[in-house]
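Take a look at the structure set out below.
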Amino acid sequence: MNAVVVNRVSKVFNPGTPNQVDALVDIELSIEPGDFVSLIGPSGCGKSTLLRLIANLIEPSQGDVLVNGKSAAQARIDQDYGMAFQQAGLFDWRSVEKNIELPLELKGWDKAKRRARAQEMLELVKLPDFARHMPWQLSGGMQQRVAIARALAAHPQLLLMDEPFGALDEMTREHMQAELLNICNQTGTTVVFVTHSIPEAVYLSTRVVVMSPRPGRITEIIDVDLGRDRTEDTRERDAFYGKITEVREALRSVEAVSHGAGFGGVDDR
Amino acid sequence: MNTRGLATTVVPPAVVGVLFLSGWELLVRGFDLKPYFLPSPSSIWTAFSDNLQLVWDAAVVSGTNALVGLIAGTLLGIALSFVLMRFRLVNDLVTPMAVALNAIPIVVLVSIFVNQYQSTSEMPRRLMATLVVFFIVLVNVAKGLRQVHPTHVELLRSYAASPLDVLVKARIPNALPYLFTALKIAAPTAVITAFVAEYFGGRQNGLGSRITSNMANSKNAVAWSYVLGACLLGLAFYLISIALENITSHKRGSAPGGGTTP
């Protein structure tokens, strides 16, 4: 069974008004369990919209989305996925452990069980001594780790991430990417990951989905066969650079196409 | 706070205060200003210590009026802000009016209240303080309940949280700093309103009315000692609201809540 199936999905914002935007048109995508899929493309290509459709934070205008074989709405209600955003989005009145416990609280877990799981998660993201800290006492990278711990707290099989490392500096970012891969290898979690960064997409993913704007559509899906055990050395391999070039060229042709055909709108760059 | 921190925060304003008071004293003595024009700080202090019991009694009257108004206005403001949050239409109707009312000196309404109650009643003053506090609390708390971080809203939706969960886990905690910002503004305002309301009639038992009656009797130093009492009462209210805020905000680091001043 596929972890995610996106079946001929279109999304129109503000239909029938002068502000109508065709955010996504005819999206087809299947994601297998254990896959790490990055969505990459220029601003306005609908990658975040696609992620939110999978999360059932918004409803498709046409088509349907299946998560773990059920409707996206049911999967959300069952908390089948965890989610992390560009902003860590920690609740600043809750301690680190209380933040991680929040999804479990809403599932009705008792306190002892929640505490134990929060501690387990803090060890997973290598912050075992920070349970009682308040979010503002943590650096940006540490806050993002807590957000990942919170997203994984209920042991979901699917992790949805919207540019989670976008606000971090380059060094922290590379470090967090390696940690994320580690965690995914340990837990076997499937990941859908929105990013702007080509090296980030290539380093993390088993598949990179290249998207084009106006209207948002998938132009190319690139398999990244760099093996599962990726380390810092992976970033220096020729195969890594080869894939970066491949993704970059796919993105360039996206821009060429949208310039050439015009799609009724003027490209603003 | 360490000793050096204390020295740098307390010493400069204390020095300014001492300089100001000595300048005042020298001015009055040097130019031989008449007490009805401006009494000296030393004569105000003498009048203050001679009339301590009277000033205290008047402060209790004004302070009680302000406190009743502060509590009643806060409770009403919180209650209505929940209604505003729940019903968009009510919000769109009430919020512009509340913001507008916050910007005008509605304390003048007290003369109307004075007509509606017996001349010995403290109700007009308490009602006025309640009304002023109510709008400050309403505008701020409603804002705190509504302006929840978009990421928090999406997260809670991803957890399939019910509207009640969203209220308890996100909206109310988010609104708390807004409430304390409102109280910080409302507490001194309630005291000011209680004083000013006394100028519009009713019993001559509070600080505000004592100031006017002593002025009328040319007991200027005594009038000024009531002014001193009024300053101290306003300060006390302000300090209490700051203390309340510190209890809740020390956990959050810098207080994130904004606020709207009237």
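Chains as they are written, first to last, in numbering that gives the first Met the number 0: chain A, 0 to 268; chain B, 0 to 261.
Beta carbons: idealized from backbone N, C-alpha and C, even for Gly.
Small disclaimer: the values here were computed from a predicted structure and weren't measured.
The ligand GDP heavy atoms versus the CB of residue i: any closer than 8 angstroms?
i: ARG144(A); result: Judged by which ligands are present, the structure shown has none, so any question about the ligand GDP falls away.
Nearest CA to the CA of residue i: which residue from the options?
i: GLY45(A); options: ALA249(A), ARG229(A) and PRO214(A); result: PRO214(A)
i: PRO123(B); options: ASP49(B), GLY228(B) and ALA196(B); result: ALA196(B)
i: GLY233(B); options: ALA220(B), PHE194(B) and SER224(B); result: PHE194(B)
i: MET141(A); options: PHE164(A), ALA153(A), PRO155(A) and ASN184(A); result: PHE164(A)
i: LEU26(B); options: TYR35(B), GLY16(B), SER39(B) and VAL14(B); result: SER39(B)
i: MET120(A); options: PRO155(A), GLU27(A), VAL253(A) and GLY139(A); result: PRO155(A)
i: ASP228(A); options: THR16(A), GLU178(A), LEU56(A) and THR194(A); result: GLU178(A)
i: GLY143(B); options: LEU83(B), PHE30(B) and ARG28(B); result: LEU83(B)
i: LEU123(A); options: GLU27(A), ARG236(A), SER211(A) and ILE182(A); result: ILE182(A)
Please confirm whether residue i has its beta-carbon closer than 9 angstroms to some beta-carbon of chain A.
i: ARG145(B); result: no
i: SER157(B); result: yes
i: PRO264(B); result: With chain B covering only 0 through 261, there is no way to say anything about residue 264(B).
i: SER253(B); result: Reliability of the predicted coordinates at SER253(B) is poor, the pLDDT of 48 falling under 50, and the value obtained from them is presented with this limitation in mind. With 9 angstroms as the cut-off, SER253(B) counts as an interface residue toward chain A.
i: LEU175(B); result: yes
i: THR180(B); result: no
i: GLY257(B); result: Its pLDDT being 39, under 50, GLY257(B) is placed unreliably by the model, and the measurement read from it follows with that caveat. No, its Cβ sits nowhere closer than 9 angstroms to a Cβ of chain A.
i: ASP56(B); result: no
i: THR150(B); result: yes
i: GLU244(B); result: no
Going along the chain, which residues of its own chain have a beta-carbon closer than 8 angstroms to the beta-carbon of residue i, five neighbours each way excluded?
i: ILE241(B); result: LYS183
i: GLN118(A); result: GLU96, PRO127 and ALA130
i: LEU53(B); result: ARG209
Taking the CB atoms as reference points, tell me whether residue i and residue j lie closer together than 9 angstroms.
i: ALA235(B); j: GLY62(B); result: yes
i: ALA111(A); j: LEU158(A); result: no
i: VAL113(B); j: GLY205(B); result: no
i: PRO176(B); j: GLU244(B); result: yes
i: VAL136(B); j: ILE77(B); result: yes
i: GLN78(A); j: PRO59(A); result: no
i: VAL208(A); j: SER29(A); result: no
i: VAL131(B); j: VAL152(B); result: no
i: ARG280(A); j: PHE90(A); result: The structure shown does not extend to residue 280(A), since chain A is modelled only from 0 through 268, so no value can be given for it.
i: VAL24(A); j: LEU65(A); result: no
i: LEU92(B); j: PHE133(B); result: no
i: THR45(B); j: ALA169(B); result: no
i: VAL253(A); j: THR218(A); result: yes
i: ARG216(A); j: MET175(A); result: no
i: ILE210(B); j: ALA189(B); result: no
i: VAL193(A); j: SER42(A); result: no
Leaving out the 5 sequence neighbours to the left and right, which residues in its chain are closer than 6 angstroms to residue i when beta-carbon positions are compared?
i: ILE191(B); result: none
i: GLY258(B); result: Unreliable positioning characterises GLY258(B) in this predicted model, as indicated by a pLDDT of 39, which lies under 50. A coordinate reading is not provided.
i: GLN19(A); result: ASN13
i: THR129(B); result: GLY68, ALA71 and GLY72
i: ALA146(A); result: ALA83 and ALA87
i: PRO32(A); result: ALA2 and THR189
i: TRP23(B); result: PRO40
i: ASN213(B); result: VAL221 and ALA222
i: ALA22(A); result: LYS10, PHE12, GLY45, THR48 and GLY215
If you follow the beta strand (DSSP E) that residue i is part of, which residue opens it and which one closes it?
i: THR218(A); result: 216–222
i: ARG206(A); result: 206–211
i: LYS10(A); result: 3–12
i: MET82(A); result: 80–83
i: THR16(A); result: No beta strand (DSSP E) contains THR16(A), which DSSP labels as neither H nor E.
i: VAL66(A); result: 61–66
i: THR189(A); result: 189–194
If I follow the unbroken alpha helix (DSSP H) through residue i, where does it start and stop?
i: PHE81(B); result: 51–85
i: MET175(A); result: 169–186
i: SER138(A); result: Careful: SER138(A) lies outside any alpha helix (DSSP H) and carries neither H nor E.
i: ASP164(B); result: 162–165
i: LEU137(B); result: 122–145
i: ILE171(B); result: 171–197
i: ILE39(A); result: That residue, ILE39(A), is in no alpha helix (DSSP H); its beta strand (DSSP E) goes 35–39.
Is residue i close to chain B, meaning its C-beta is less than 9 angstroms from at least one C-beta of that chain?
i: ARG206(A); result: no
i: PRO102(A); result: yes
i: PHE84(A); result: yes
i: ASP77(A); result: yes
i: GLY88(A); result: yes
i: TYR80(A); result: yes
i: LYS106(A); result: yes
i: ALA54(A); result: yes
i: ARG216(A); result: no
i: ARG114(A); result: no
i: ARG251(A); result: no
i: ARG144(A); result: no
i: ARG247(A); result: no
i: PHE262(A); result: Reliability of the predicted coordinates at PHE262(A) is poor, the pLDDT of 43 falling under 50, and the value obtained from them is presented with this limitation in mind. It does not: the Cβ of PHE262(A) has no partner Cβ on chain B nearer than 9 angstroms.
Using a Cβ-Cβ cut-off of 7 angstroms (strictly less than) and excluding sequence neighbours within five positions of residue i, which residues of its own chain qualify?
i: ALA150(A); result: GLY81, MET82, ALA83 and LEU158
i: GLN85(A); result: ASP161, GLU162, PRO163, GLY165 and ALA166
i: VAL165(B); result: LEU155
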